[in-house]
Amino acid sequence: MRPRVIAGFHAAALMGFCLVLASGCAWFRKGEPLEEPVSLIAVLPLERAADADPDRLPQGAENMVTAQIYAVLAESPRFRFVPDLTVLDALQRLDRSGSVEQRAVALGRAVGADAVLFGTVDRVVERQGSEYGAKAPASVSFGLALVSVHSGKILWQARFDRTQQPLTANLFNWWMFWRAGPRWFSAQELARLGVERLLEDLSRRLP
């Protein structure tokens with residue numbers, strides 16, 4: 006191999022490493038703090054996006070993503086949250102009319118929370134094949150928001166929209182492989198990674 010070719014290969018590898026390092030530093034940087042103090046969070050069960058393609062969002066997919074939110078909250082020392090059974094009991098007594106933001110605020114008042122997480126799920130497509138030989142990758146898209154019960158303001162919002170790619174195709178996906186290994190994820194695993202990523206961002210904005 007000629008010296009110039011070797012130098013070019015090393016330069017490309019170094020550039021890739023720098024891109025990964027830069028994305029990692031940006032990811033671990035603390036975000037802007039929330040405008041209001043939040044001590045206790047409730048979760049309004051996620052809903053299906055109104056314009057979602059039913060072929061790409063199976064029945065019950067929104068419940069699966071909601072379950073991942075509770076699982077991540079339970080494992081994090083940064084969050085205090087209202088138990089899901091308490092939320093479900095309160096929802097049975099609340100008016101279901103109004104916007105999702107209004108219903109989230111009403112839920113927060115009913116359970117004594119400072120803020121409420123809510124959101125919609127747009128896409129949950131299961132991988133085709135095994136974790137080491139998928140013919141088609143999993144694909145997940147959902148958005149989350151945090152509304153203040155006191156003021157009704159949206160304090161934070163974020164979106165996760167990913168169709169898994171090989172690491173060699175997109176170096177910015179390094180964090181998924183770092184957490185879960187070099188394999189093809191199921192839709193539930195990809196949703197879990199997305200929830201972890203969004204809630205980590207939220208946790209860095211808490212006081």
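Number 208 in our numbering belongs to position 203 of the sequence shown; there are no gaps in the numbering. Cβ atoms here follow ideal geometry from the backbone N, Cα and C, with glycine treated the same way. On a predicted model such as this, the values are computed, not experimentally measured, just so you know.
Sequence-distant partners of V154 (beyond 5 residues in either direction) whose C-beta falls short of 7 Å from its own C-beta, in its chain, are V110, G113, R114, A118, D119, A120 and V121.
By the C-beta density criterion, T125 is buried, having at least 16 other C-beta atoms within 10 angstroms. In the DSSP assignment, S208 falls within the unbroken alpha helix (DSSP H) covering A192 to S208. V145 and G65 do not touch by the CB rule: their CB atoms are close to 14 Å apart, not below 8 Å.
Taking a 10 Å sphere around the C-beta of Q169, we find 16 or more other C-beta atoms and assign the residue as buried.
Restricting attention to P212, V105, K158 and L207, the CA atom closest to the CA of A55 is found in V105. Remark: C-beta atoms of L160 and L39 approach each other more closely than 7 Å. In the DSSP assignment, T125 is bridged to E52 and G148. Of the other Cβ atoms in all chains shown, 16 or more fall within 10 Å of the Cβ of L207; this residue is therefore buried. Sequence-distant Cβ neighbours of P42 in its own chain, meaning closer than 6 Å and more than five residues away, are P212. Around the beta carbon of L51, 16 or more other beta carbons lie within 10 angstroms, which makes this residue buried.
Taking C-beta atoms as the reference points, Y75 and D60 fail to come closer than 7 Å. Sixteen is the threshold: when 16 or more other Cβ atoms of the shown chains lie within 10 Å of the Cβ of A150, as they do, the residue is buried. The beta carbon of S81 is closer than 6 Å to none in its chain, skipping five residues each way along the sequence.
When DSSP states are grouped into helix, strand and coil, R114 belongs to the helix group.
Note on geometry: alpha-carbon atoms of R132 and K158 lie some 37 Å from one another.
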